[in-house]
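Number 190 in UniProt numbering belongs to position 190 of the sequence shown; there are no gaps in the numbering.
Inspection log for the structure reproduced underneath, given as structure tokens.
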Amino acid sequence: MTGRALGLPDAASENALLVGIIEAISAGPELELLAARVAPLIVAATATDECFVHVLDDTEQSLTLTGATPPFDQEVGRVRLRLGEGVTGWAASRREPVVIVEGKANDPRYRYFPELRGEEYTSMVSVPMASSPGGLVGVLNVHTRQRREFTEADVRLLTSIGSLIAGAVHQARLHRRLAARERAHERFAEQAVAAQEAERRRLAADIHDGITQRLCSLRFHLDAAAEALTEEPAFATEQLVLSRRLTHLAIDDARAAINGLRPPVLDDLGLADSLASLARAVAGVDVLVEVDRCALPEHVEIALYRIAQEAFQNVVKHAGASNVRLSLRRSGPEVSLEVSDDGRGFELLADDPPAATVGPDGGGYGLGSMAERAELIGGRLDVRSVPGRGTTVLARAAVQPQ
């Protein structure tokens, strides 16, 4: 590989490039840092004007600008394109290099990004970055202001550089996924502890304000009845009637507290029939129920039941719907619960967390608690709503085979 057209006239230049890339790789596992360090090295080695490093995201459906030479390093993380979109997306989807000597605006594959000022650059080369263990990891672009005839040797050298970097990018992507997973586990642990403490406080308050108060009143009336039993039988009878009423109320409170911990209906009917029973209890709307009978872990059943319960409460309180559809589906390792209505809907901003959404009366829709329940079982909650076109709440979670 001579590489004279790309500024590598001798072995010393190539060695200098390799040393620079090794130093960039050794600087740390952060993907953005790696891309930022290699971009100027590539520009210097290839005698080009700008270098963009686009990295495949974790969905493997789109590319994100992860590194660039100044001043375009300010656009890192902001430029995204789907596979097949633009010259970069085309090179990624076809796994083929692209050379454009001039007239790129007339190329049907080209997409203009104002922030990258493509009109200031005439020639470009776009090569996919791939490695044997990781496959495609991104695309490497170089641009020149002046017209330039890139040769096959130029493309081979850029491809070789891309392959060399690809292994490090693959490792950096794995590190990023691992770090994100660790952060998710930390959030999960924090949410689990917070949920447990909130549940303890709620149960303590229910017992103190409900069962305890009623039992104290019961004791008072029983004491009064005992004192009046011989001298004022009618008063004693009245106190016993009140005591029996308080006994029933205390029993109801105890059942409500127990139901707050785990709905007994799940033990009696299972999740599928419990959801159907929940749907039948919704007044004023027609509910279509489509549920699979599937064996799920106990904590998943409870979370999905509570999410459905909250979703139905939203329908009754806020939606003004005529029709509701409830579905429970198990597909391989994933279970999904969906509640959709044809009600009034609401404005849901894409960047807003569910907890930030409030109802038209100023009250919360409870989406935050539903999202937390979904996250506590390792899943996620998606909410779609359009004013005048209804709302759909979808909870999905991965479950282990029973």
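Ideal placement from N, C-alpha and C gives every residue a C-beta, glycine not left out.
On a predicted model such as this, the values are computed, not experimentally measured, just so you know.
Each of 99, 30 and 116 was checked against the Cα of residue 74, and the nearest Cα belongs to 116. In the three-state scheme derived from DSSP, where H, G and I count as helix and E and B as strand, residue 398 is classed as strand. Residues of the same chain with a CB within less than 8 Å of the CB of residue 43, apart from the 5 flanking positions on each side, are 49, 50, 51, 69 and 142 in chain order. DSSP places residue 122 outside both helix and strand once states are collapsed to three, so it counts as coil.
Residue 64 is bridged by DSSP to 55 and 80.
Residue 26 and residue 169 have their C-alpha atoms spaced approximately 12 Å apart. Residue 298 and residue 347 have their C-alpha atoms spaced approximately 34 Å apart. When the beta-carbon positions are compared, residue 344 and residue 388 come within less than 8 Å of each other. Secondary structure at residue 282: coil, using DSSP grouped into helix, strand and coil.
Per the coordinates, the alpha-carbon of residue 309 lies some 7 Å from the alpha-carbon of residue 278. With a cutoff of 8 Å on beta-carbon distance, residue 376 and residue 295 are scored as not near each other. Taking a C-beta distance under 8 Å as the contact criterion, residue 326 and residue 287 qualify as a contact pair.
According to DSSP, residue pairing for residue 100 in a beta bridge involves 124. Taking the Cα positions, residue 159 is about 11 Å away from residue 98. With distances taken between CA atoms, residue 390 lies nearest to 315 out of 380, 37, 315 and 91. In this structure, the beta-carbon distance from residue 399 to residue 300 falls below 8 Å. Non-local beta-carbon contacts of residue 40 in its own chain, meaning distances under 6 Å to residues more than five positions away in sequence, involve 69 in chain order.
The beta carbon of residue 290 lies closer than 6 Å to those of 327 in the same chain, with the five residues before and after it left out.
When beta bridges are read from the DSSP output, residue 385 appears opposite 391. Straight through space, the alpha carbons of residue 275 and residue 91 are spaced by roughly 49 Å. Judged by DSSP in its simplified three-state form, residue 159 adopts helix. Per DSSP, the unbroken alpha helix (DSSP H) holding residue 94 starts and ends at 86-94.
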